[in-house]
Amino acid sequence: MSVLRPRAVFDEYEDATFKLVMLEPSVALQDYEVVMRNQIRLRAFFKGIMNWPKADMTLAENTASLAHHQSEFEQREAFAFSVFKILSGACIGSVYVDASRSIEFDCELYFWLDEKELQLEQQLANTLCDWLQQDWGLSRVALVGREIPLSDWLMDIKAQS
0 MSVLRPRAVF DEYEDATFKL VMLEPSVALQ DYEVVMRNQI RLRAFFKGIM NWPKADMTLA
60 ENTASLAHHQ SEFEQREAFA FSVFKILSGA CIGSVYVDAS RSIEFDCELY FWLDEKELQL
120 EQQLANTLCD WLQQDWGLSR VALVGREIPL SDWLMDIKAQ S
């Protein structure tokens, strides 16, 4: 099993555009609404890794999933965040920082934004990579599904195992 070894861990982040908070049950309703609004895009984005979210996922199932993310965070196994837009206060997506399954990287970084906020994707990617490198000490960030196409990543991981 891969292990994530950051120099430091933060449970939130804020700048002029984004606020990131630990993905946990207190944000379940806001998270659920944005997930279900983007479910087709999310299933396409995560295809090959998981079949999420299910078309009939309930708020209770989402809440349980967020409790699992919180547990992983507290045990320092993986780190998931809700992304909020500072100006509106709206939940606009999620970020996932996982241990890398490739020896070439320190972590795997996945994120998604609400389809209404796609213009912020590159800004969020830059923000996250800078934050992980400068504050967390994770200098080799695999931006999976973005800089590294998911299909290429999955083939590379399979070849390394």
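Going letter by letter, the sequence shown gives residues 0 to 160 in numbering that gives the first Met the number 0.
Just so it is clear, CB atoms sit at the ideal spot from N, CA and C, and this is done for glycine as well.
Determine the extent of the beta strand (DSSP E) in which residue 127 is found, giving its start and end residues. Taking the sequence shown and counting its residues from 1, the one referred to as residue 127 is at position 128. Per DSSP, residue 127 belongs to no beta strand (DSSP E); it is in the alpha helix (DSSP H), 120 to 130.
Contact defined as beta carbons within less than 8 Å: I believe residue 102 pairs with residue 159. What is the distance between those atoms, to the nearest angstrom? Counting from one through the sequence shown, the residue named residue 102 turns up at place 103. Counting from one through the sequence shown, the residue named residue 159 turns up at place 160. Sure, about 7 Å apart at Cβ, within 8 Å.
Please give me, in chain order, every unbroken run of the beta strand (DSSP E) with length at least 3 that falls completely inside the region 57 to 125. 77 to 84, 90 to 98 and 106 to 112
What is the DSSP secondary structure of residue 11, counted as helix, strand or coil? Sequence index remark: in the sequence shown, residue 11 carries index 12 (1-based). In this structure, residue 11 counts as strand in the three-state DSSP scheme.
I think residue 141 touches residue 107, with their Cβ atoms under 8 Å apart; what is that distance to the nearest whole Å? Numbered from its first residue, the sequence shown carries residue 141 at position 142. Numbered from its first residue, the sequence shown carries residue 107 at position 108. The Cβ separation is near 5 Å, so the contact holds.
Taking DSSP as the reference, what is the three-state secondary structure of residue 44? The residue you call residue 44 lines up with position 45 of the sequence shown. Residue state, collapsed to three classes: helix.
Between 48, 16, 35 and 38, which lies nearest to residue 148 when the distance is taken from Cα to Cα? Against the sequence shown, residue 148 aligns to sequence position 149. Among 48, 16, 35 and 38, the Cα nearest to that of residue 148 belongs to 48.
Starting from residue 143 and walking both ways along the beta strand (DSSP E), at which residues does that stretch end? By 1-based counting over the sequence shown, the position of residue 143 is 144. No beta strand (DSSP E) holds residue 143; DSSP gives it neither H nor E.
Alpha-carbon to alpha-carbon, residue 153 and residue 113: Counting from one through the sequence shown, the residue named residue 113 turns up at place 114. Counting from one through the sequence shown, the residue named residue 153 turns up at place 154. If you take the alpha carbons of residue 113 and residue 153, they lie about 24 Å apart.
Just the Cα atoms here: how many angstroms apart are residue 86 and residue 16? The sequence position of residue 86 within the sequence shown is 87, counting from 1. The sequence position of residue 16 within the sequence shown is 17, counting from 1. In a straight line, the C-alpha of residue 86 is about 7 Å away from that of residue 16.
DSSP three-state call for residue 149: helix, strand or coil? Along the sequence shown, read from residue 1 onward, the residue named residue 149 stands at position 150. Helix at residue 149.
From the DSSP secondary-structure annotation, give me the bridge partner or partners of residue 21. As a first step, residue 21 must be located in the sequence shown, where it is residue number 22. Note: residue 21 sits in a beta bridge opposite 80.
Going by C-alpha to C-alpha distance, which of 123, 111 and 77 sits closest to residue 105? Here residue 105 is taken as the residue at index 106 of the sequence shown, counted from 1. Closest option to residue 105, Cα to Cα, is 77.
Hey, out of 53, 155 and 75, whose CA is closest to residue 34's CA? As a first step, residue 34 is located in the sequence shown; it is residue number 35 there, counting from the start. Checked all of 53, 155 and 75; the closest Cα to residue 34 is 53.
Whole-angstrom C-beta distance between residue 11 and residue 3, which should lie under 8 Å: If you number the sequence shown from 1, residue 3 lands on position 4. If you number the sequence shown from 1, residue 11 lands on position 12. Actually they do not touch by this definition, with Cβ atoms about 18 Å apart.
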